[in-house]
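Okay, structure first, notes after.
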Amino acid sequence: MRNIKVGIIGGGGIAGAHAKAYRKLPFVNIIAVADITPGRAEEFAEKYNLKETQAFTDYKELLKISELDAVSICTPNVSHHQISIDALRAGKQVLLEKPMSVTLAEAIDMVNVSKQTGGMLSIGFQPRYDPNMKLLKDIVSSGELGQIYYVETGGGRRRGMPGGTFINKKLAGAGAMADVGCYSLDLVLNTLNHPRPLTVSAFTTNHFGTNKRYHPEADKFEVEDFGVAMIRFENEMVLQFKISWAMHMDTLGPTMFLGTDGGLKVTPQGIGPWSGVWQGKVGSMQLFQDDNMGHLSRDVLLKDDDINLFDEKVRDFAEAVRDGRPAPIPGEEILIQQAIIDGVLRSSQERKEVSIELPHHISLPSKQG
Ligand SMILES: NC(=O)c1ccc[n+]([C@@H]2O[C@H](COP(=O)([O-])OP(=O)(O)OC[C@H]3O[C@@H](n4cnc5c(N)ncnc54)[C@H](O)[C@@H]3O)[C@@H](O)[C@H]2O)c1
Numbered sequence: 001m002r003n004i005k006v007g008i009i010g011g012g013g014i015a016g017a018h019a020k021a022y023r024k025l026p027f028v029n030i031i032a033v034a035d036i037t038p039g040r041a042e043e044f045a046e047k048y049n050l051k052e053t054q055a056f057t058d059y060k061e062l063l064k065i066s067e068l069d070a071v072s073i074c075t076p077n078v079s080h081h082q083i084s085i086d087a088l089r090a091g092k093q094v095l096l097e098k099p100m101s102v103t104l105a106e107a108i109d110m111v112n113v114s115k116q117t118g119g120m121l122s123i124g125f126q127p128r129y130d131p132n133m134k135l136l137k138d139i140v141s142s143g144e145l146g147q148i149y150y151v152e153t154g155g156g157r158r159r160g161m162p163g164g165t166f167i168n169k170k171l172a173g174a175g176a177m178a179d180v181g182c183y184s185l186d187l188v189l190n191t192l193n194h195p196r197p198l199t200v201s202a203f204t205t206n207h208f209g210t211n212k213r214y215h216p217e218a219d220k221f222e223v224e225d226f227g228v229a230m231i232r233f234e235n236e237m238v239l240q241f242k243i244s245w246a247m248h249m250d251t252l253g254p255t256m257f258l259g260t261d262g263g264l265k266v267t268p269q270g271i272g273p274w275s276g277v278w279q280g281k282v283g284s285m286q287l288f289q290d291d292n293m294g295h296l297s298r299d300v301l302l303k304d305d306d307i308n309l310f311d312e313k314v315r316d317f318a319e320a321v322r323d324g325r326p327a328p329i330p331g332e333e334i335l336i337q338q339a340i341i342d343g344v345l346r347s348s349q350e351r352k353e354v355s356i357e358l359p360h361h362i363s364l365p366s367k368q369g
């Protein structure tokens, strides 16, 4: 079994989690780190005890290392597109932090380049590795709920608005709908095997972010802090998707799957003002069905989820590189949620339902039914 050589681009907060996870894998060597902030790559190498690691300020120099197999891209959202494309063109396999991109056009471009180069573009959605997310997918895929016709997802924080680049439209693309909504969307789209969306009707606001009483950077707040959308899919199913970074309410409700033979209610783990949205693990799952005695509801026995989801995502990627497997979470799958978020923003701006156009040459994974 061969060893692989990886590089880390971006040496901030989340890059540390990548470094720690790679270091647990005996077949991986981290041979390079790049960070645009002078001195940060060196500090990073020192902090994570990466003795044989070269440090760069320009990631393009890192990409020139011929024996480098793969890179983790851990830079701010606005740079995901260009760095991924450069890495793929340099022949490196890519593990990219979420969200995939700022715009749909960028995401399409990235998938195209990964197809042209034959390189792997895997997006880092660690909740996929929660055994209870797999259990949820198994229940829905088993057909036990019948045909799914309605799904509701999202979540809300009573208060939990970030600042800085997250509220700058040019740098973040979207606000709450993308920042935390991406996890809710991945939860349902992956569970349903990536159905194709057709239209979106959405409404977004930023009453809290633009109010000095609630946000210290109110004068710089350019994105939505609340949004609700009705998304129609090709298989006679609709999704209601709602997200809030701040509100005068405790919850926007659980995630629900309504099927012709059963229903499933799922709540996320976590308590406190920054909880209430999907970011990690399942808190509870309840199944609703009828039998000849009447209506039944029962708690689904959850699996032991005492695992480090982050380590799992990095391990799966590294093993895929080593074994020549396809991307664990391919860009094509995540492109669907980028298309939905793009539709949400257009619909909200135009105040009407809009169509979602997915490129025809993008081959989606299998869909429900
Ligand atoms: N999966 C998760 O749970 C999770 C959690 C947090 C953040 N993220 C994502 O990870 C990414 C990074 O977030 P973070 O919290 O680590 O940010 P951060 O600000 O802590 O770190 C980003 C680093 O990238 C560097 N950088 C910026 N542009 C660069 C470039 N062109 N080349 C090289 N380095 C560059 C910065 O100097 C900084 O050190 C974001 O996309 C974020 O959404 C994911």
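Here the sequence shown is numbered in the UniProt record's numbering, starting from 1 and rising by one per residue.
Heads up, the beta-carbon is just placed ideally off N, CA and C, and yes, glycines get one too.
This structure is a prediction, so every number in the text was calculated from the model and none was measured.
Identify which residue in E353, S355, K352 and A339 has its Cα closest to the Cα of A105. For the residues E353, S355, K352 and A339, the minimum Cα distance to A105 belongs to A339.
Across which residues does DSSP place A70 in a beta bridge pair? A70 pairs with V6 and Q93.
Please specify which runs of the alpha helix (DSSP H), each continuous and at least 4 residues long, are wholly inside the UniProt domain "GFO/IDH/MocA-like oxidoreductase" (135-264), giving them in chain order. If we require 4 residues or more, the alpha helix (DSSP H) runs fully inside the UniProt domain "GFO/IDH/MocA-like oxidoreductase" (135-264) come out as 169-172, 176-179 and 181-191.
Using the beta-carbon count (16 or more within 10 Å), is M249 buried or exposed? So M249 counts as exposed.
Following the continuous beta strand (DSSP E) through M285, name the residue where it begins and the one where it ends. In the DSSP annotation of this structure, the continuous segment of the beta strand (DSSP E) that includes M285 starts and ends at V282 to D291.
Distance CB(V113)-CB(I83) smaller than 8 Å: It is not a contact, given that the beta carbons lie outside the stated cut-off.
Please classify I307 as buried or exposed, where buried requires at least 16 neighbouring CB atoms within 10 angstroms. Of the other Cβ atoms in all chains shown, fewer than 16 fall within 10 Å of the Cβ of I307; this residue is therefore exposed.
Find the nearest neighbour of I336 within the set R89, I123, G7 and E61, judged by alpha-carbon distance. The candidate whose alpha carbon is nearest that of I336 is I123.
Could you spell out the range, first to last residue, of the alpha helix (DSSP H) harbouring R315? Segment L309 to D323, the alpha helix (DSSP H) holding R315.
Using a C-beta cutoff of 8 Å, does N292 count as contacting chain B? The structure shown contains no chain B; it is built from a single protein chain.
Any chance the CB of K98 is under 7 Å from a heavy atom of ligand 1? For K98, the shortest C-beta to heavy atom distance toward ligand 1 is below 7 Å.
With 16 other CB atoms within 10 Å as the buried threshold, where does T191 fall? Classification of T191: buried, given that the 10 Å Cβ count is 16 or more.
Coil, strand or helix - V300 by DSSP: Coil, per DSSP.
Ignore the nearest five residues each way along the sequence and tell me which others in D186's own chain have a CB closer than 6 Å to its CB. The answer, listed in chain order, is F125.
Within the chosen definition, does the segment 168-177 reach the segment 221-239 through at least 3 CB pairs nearer than 8 Å? Result yes; three or more Cβ-Cβ pairs closer than 8 Å.
Distance between beta carbons of V102 and N77, contact taken as under 8 Å: Correct: roughly 6 Å between the Cβ atoms.
Exposed or buried, which one is N49 when buried takes at least 16 other CB atoms within 10 Å? The residue is exposed, with fewer than 16 neighbouring Cβ atoms inside 10 Å.
Using the C-alpha atoms, what's the distance from Y129 back to S79? If you draw a straight line from the Cα of S79 to the Cα of Y129, it is about 26 Å long.
Return yes when at least one heavy atom of ligand 1 lies under 7 Å from the C-beta of I83, else no. Answer for I83: yes, Cβ within range of ligand 1.
Tell me whether N49 sits in a helix, a strand or coil according to DSSP, three-state version. In this structure, N49 counts as coil in the three-state DSSP scheme.
Taking 7 Å as the cut-off, is the C-beta of R40 nearer than that to any heavy atom in ligand 1? Checking the Cβ of R40 against ligand 1 gives yes.
Give a yes or no on whether the C-beta atoms belonging to A327 and M120 are separated by under 8 Å. Yes, Cβ-Cβ distance for A327 and M120 is below 8 Å.
Rounded distance between the beta-carbons of I8 and S72, thought under 8 Å: The Cβ separation is near 5 Å, so the contact holds.
G12 beta carbon near ligand 1 (any heavy atom closer than 7 Å): Taking 7 Å as the cut-off, the C-beta of G12 counts as close to a heavy atom of ligand 1.
Give a yes or no on whether the C-beta atoms belonging to N235 and P195 are separated by under 8 Å. Yes, Cβ-Cβ distance for N235 and P195 is below 8 Å.
Give the C-beta separation of E353 and S201 to the nearest angstrom, bearing in mind that I take them to be a contact with Cβ-Cβ under 8 Å. About 4 Å; that satisfies the 8 Å criterion.
Could you pull out every residue in the same chain whose Cβ sits closer than 6 Å to the Cβ of R351, ignoring the five residues on either side in sequence? For R351, where only same-chain residues beyond five positions count, there are no Cβ hits under 6 Å.
Take I14 and list the residues in its own chain whose beta-carbon comes closer than 8 Å to its own, dropping the five residues that flank it on each side. Hits under 8 Å: C74 and E97.
Quick one: grab the DSSP three-state call for E333. The three-state secondary structure of E333, taken from DSSP, is helix.
What do you reckon, is the C-beta of S284 under 7 Å from a heavy atom of ligand 1? It does not: the Cβ of S284 is nowhere closer than 7 Å to a heavy atom of ligand 1.
How would you call L296, buried or exposed, if buried means at least 16 neighbouring beta carbons within 10 angstroms? L296 is exposed by the Cβ-count criterion.
Helix, strand or coil at H360 according to DSSP, with G and I counted as helix: Coil, per DSSP.
Work out the CA separation of E152 and D69 for me, nearest whole Å. Within the model, the alpha-carbon separation for D69 versus E152 is close to 40 Å.
Have a look at G156 and S355 and give me their C-alpha separation to the nearest angstrom. Straight across, the Cα-Cα distance linking G156 with S355 is about 26 Å.
For G369, count neighbouring C-beta atoms within 10 Å of its own C-beta (all shown protein chains included) and say buried if the count is 16 or more, exposed if not. Confidence is the limiting factor: at G369 the pLDDT is only 38, short of 50, which leaves the residue's position unreliable and the question unanswerable from this model.
Would you tell me roughly how many angstroms separate the C-alpha atoms of R2 and F27, rounded to the nearest one? Straight-line Cα distance between these residues: approximately 7 Å.
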